[in-house]
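If you read the sequence shown in the working numbering, its first letter stands for residue 862, the second for the next number, and so on. Backbone N, C-alpha and C define an ideal beta-carbon position, used for all residues, glycine too. Predicted model, so just to flag it, every value in this text is computed and none were measured. Take a look at the structure set out below.
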Amino acid sequence: MTPYTNALAEATVVTFEQARAASKTTIDAQNRARQLRDAAVSLARKGFRVFPLVPNAKTPAIDDWKERACNDPAKVQRMWTEALSDEPIDYNIGIATGNGLFVIDVDDKGGKSGSRSLRNLEQSIGALPVTLTAGTPSGGWHIYLRADPKAWIPNSVGKLGEGLDIRGDGGYVVAPGSVIDDRSYTIEVDVDVADSFEEWTDLVSAPRPAERIAAPTIDLDLPEAVTAATKWLQRHAELAIEGAGGDATTIRVANRVLDHGISVDQGLDLMLDHWNDRCSPPWDADELRRKVENAERYRQSPVGAGSAELEFDDVSDEVGKADTLAQTEGHSPANEFPRATPADLSNPQEISKRHWIVEGLLFSTFLTGVIAPGGTGKTNFALALLLSIVTGRSEISGVPIKERTRAWYWNQEDDKDELRRRLAATAQLHRVAADDLLLDGTPALFLDSGVDQPLVLVSRGPGGKLAPTLAVDAVIQRIRINQIGVWIIDPLVEFHEADENNNPEMALVWRTVRRVAVEANCAVMVVAHTRKPLGASAEGHTGDVNSLRGAGAQGGVMRLAVTLSTMTAKEAAALKVPAGQKGRFVKVEGAKHNLTAKDAAPVWFENVGVVIANGEEVGAMRPAQFGLIAKARPPLGDRAEALLAAFWSALRKKRAFETYLSTEEWEAEAWPIWAEAGSSASKVRENIRKCRSSLEEKGVVKKEKRNQWVAIYPEGPEEPEVES
């Protein structure tokens, strides 16, 4: 380790008194607001220029924060105080950097290697001095340093190395004492801010940008300028896409519009009318105004100065204009999407494995669709699957549970009492007790209804614009806090205000749900309706992801999907089910297999009535056994019992909804039982073959098709006959 990292590792964790108090996660909101205000005042007294950030967030709470950031304790006190009530406001705290103060942001989250990059730099140019250092909620560091105030230190992302960002002139950092999702920024090394060594200052500094070039005053918003800007927005302007450099794109577009000789107000109107609705997602009008105003404020040339050149459609200077502002806002265009990443075939053994909860069905950070017409029992299917996941018992749902985890079901069709009835029936049917719904002593299953208070993830705001709601962040936080591995929403149509038949609007809905899966690191199952009306034939939608109701592009977002359908007359005849009973059976069939090989074998479930403790009969679902003989199977010898047990053991290891076992799979599972010392491989294989033939002769297993075996009796030992 280098001198600085040694000092950091050995440093006693000491905080400012107020910052330490503000960092506690158990205090109530009123005390937190007061202590955040005290922490801000304390930081101001220490010479830091502070300003308010949005509560529980990192974004400025005021537009003109660069001008209003100050180290005057009295002014700071007023910033964090309600004018009328004199009550404290729970703003987080921002520290403005620049004028000689800069911060090295060391980031190790998401696979980044900021700590390693820092060590490499220290070994290359010399160790950093021991200085004030803060810890971030994600496990990173903010290292505070001072340089000559005359030096220009631009903001940058990854310029010094992966996971190393710089906050300098025109930038800011979140201050110690601030809290994000109940996790605090804390002081890790409580010393004064040290002077940066010359080598480090030279590394982070750059020539100061040229002053704005004066130009002759021109008339703005002329009719021909408005026409030209409108045509450019409609035909040529790139669209802002969230997560793909959308901020920098918006700045470039705004600068381009202003280049035409358009004022900020007119430019905002033009972008709202001819550009914004096509962005993903569209900007809120107030947010877009701030972007256009910032573009005008930080331009290197006056508005309209480039109008003479626009006739030739030269855009060579646009990137530079956006780069200046992007750096001011903490972005580095050199690292913006899209980047060309070289393919890497080295060390494939280090590639992380897929995180399956239910193999072939539920995968962390991905979406699974369940597509079903009304009345097929999708709620009962979801509850059986949930109990299977939270207990780790595969036999409840008939699918292999790869990881026992917590789960959350939000249903907006049934009220809470109805959900409790169905859960009680399903638990009783599968002998699940109350204690089985605990994992490590804490609740493992969460059940909520949106009938009284709907959960809306995407809604329409003023002017009819569609956007994700604040509830999305709340859902992500709840999943993280409760360590939930699976979230099921049912049905999708009740969770948004989009037009189901509008592809762009439904794409926003699905991206929002995918965001929950990614940011909360959980598997999300979305239950949705088919195009077919209630009671229509199921044959047209089974196994078809495109049967999802509404816009046709929805199926492209989910990576896995299954369909639910009731038994048809043809299927009942083939399975020897009486016509009057076929309505009890539901078929689950794979409809999309992006992450698995296609599985041709559907799985059947049966809806049965269960009398629960209140005396009422309620429906519940279990894996169907109509293809299995109901009476006790014939008695078997020890070897045959062991071979049959190997069959079920191998089947449980397969993907969800697989009922067939190949000869090779069965033999591999059974091999250790017959592999006696000194026996040749051919002898072992022959013994297994003879025992398997015996099971087939007794009607215990059946060879359905070439190299595929299926069980005739349910799993379990034979039941002895009872003498009369």
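Item to complete: Whole angstroms is fine: what's the gap from residue 1443's alpha carbon to residue 1334's?
Response: 44 angstroms
Fill in: Three-state secondary structure assigned by DSSP to residue 1527
helix
Worksheet item: residue 1255 to residue 1057, Cα distance in whole Å?
Response: 60 angstroms
Worksheet item: Is the Cβ-Cβ distance between residue 1511 and residue 1526 less than 8 angstroms?
Response: yes
Discussion item. Quick check on this structure: which residue in 1529, 1503, 1030 and 1570 has the alpha carbon closest to the alpha carbon of residue 1552?
Written reply: 1503
Item to complete: With a threshold of 16 other CB atoms inside 10 Å of the CB of residue 1273, please say whether the residue is buried or exposed.
Response: buried
Discussion item. Buried or exposed, going by whether 16 or more other CB atoms sit within 10 Å of the CB of residue 1212?
Written reply: exposed
Discussion item. Taking the beta carbon of residue 1628 as the centre, do at least 16 other beta carbons fall within 10 Å, making it buried, or is it exposed?
Written reply: Outside the shown range of the chain (862 to 1585) lies residue 1628, about which nothing can therefore be said.
Item to complete: Report back the beta-carbon spacing between residue 916 and residue 952 to the nearest angstrom; my notes put them in contact at under 8 angstroms.
Response: 6 angstroms
Worksheet item: Do you know how far the Cα of residue 1265 is from the Cα of residue 1253?
Response: 5 angstroms
Worksheet item: Quick one, which of 1227, 1281, 1061 and 1359 has its alpha-carbon nearest residue 964's?
Response: 1061
Discussion item. Alpha carbons only, please: which of 1544, 980 and 1047 is nearest the one belonging to residue 995?
Written reply: 1047
Worksheet item: To which residues of the same chain is residue 1042 closer than 6 angstroms at the C-beta, ignoring the five residues directly before and after it?
Response: 1338
Worksheet entry | Reduced DSSP category for residue 1345 - H, G, I as helix; E, B as strand; rest coil | strand
Discussion item. Considering only the alpha carbon of each residue, which of 950, 974 and 1054 lies closest to residue 1039?
Written reply: 950
Worksheet entry | Any alpha helix (DSSP H) of 4 or more consecutive residues that is wholly inside the region 1204-1275 | 1239-1252 and 1255-1258
Discussion item. Considering just the uninterrupted stretch of the alpha helix (DSSP H) at residue 929, what are its terminal residues?
Written reply: 926-929
Fill in: Host alpha helix (DSSP H) of residue 975 (start-end)
975-986
Worksheet entry | Residues near residue 1289 by beta carbon distance below 7 angstroms, same chain, minus five either side | 1471 and 1473
Worksheet item: So, residue 911 versus residue 930, is the Cβ gap smaller than 8 angstroms?
Response: yes
Worksheet item: Tell me the DSSP bridge mates of residue 1141?
Response: 1102
Worksheet item: Is the beta carbon of residue 1474 within less than 7 angstroms of some heavy atom of the ligand GTP?
Response: The ligand content of the structure shown is nil, which means the ligand GTP is not present either.
Fill in: Pair within 8 angstroms by beta-carbon distance, residue 1065 and residue 1029
yes
Worksheet item: When the Cα of residue 1005 is compared with those of 1484, 1364, 991 and 1165, which residue comes out closest?
Response: 991
Worksheet item: Based on the DSSP secondary-structure assignment, which residues constitute the bridge partners of residue 1446?
Response: 1467
Practice prompt. Please state whether DSSP places residue 1054 in a helix, a strand or coil.
Written response: coil
Worksheet item: By how many angstroms is the C-alpha of residue 1367 removed from the C-alpha of residue 1359?
Response: 6 angstroms
Worksheet item: Any idea if residue 1015 is buried or exposed, counting beta-carbon neighbours within 10 angstroms, 16 or more meaning buried?
Response: buried
Discussion item. What does the Cβ neighbour count give for residue 1239, buried or exposed, with the cut at 16 atoms within 10 Å?
Written reply: buried
Worksheet item: If you compare alpha carbons, which of 1281, 1321 and 1241 is closest to residue 1258?
Response: 1241
Worksheet item: Across which residues does DSSP place residue 1426 in a beta bridge pair?
Response: 1448
Worksheet item: What did DSSP end up calling residue 1477 once you bin it into helix, strand or coil?
Response: coil
Item to complete: Tell me whether residue 1048 sits in a helix, a strand or coil according to DSSP, three-state version.
Response: strand
Worksheet item: Buried or exposed: residue 913, going by 16 or more other Cβ atoms within 10 Å of its Cβ?
Response: buried
Worksheet item: Helix or strand or just coil, what does DSSP make of residue 1292?
Response: coil
Fill in: residue 1530 burial status per 10 Å Cβ neighbour count (16 or more: buried)
buried
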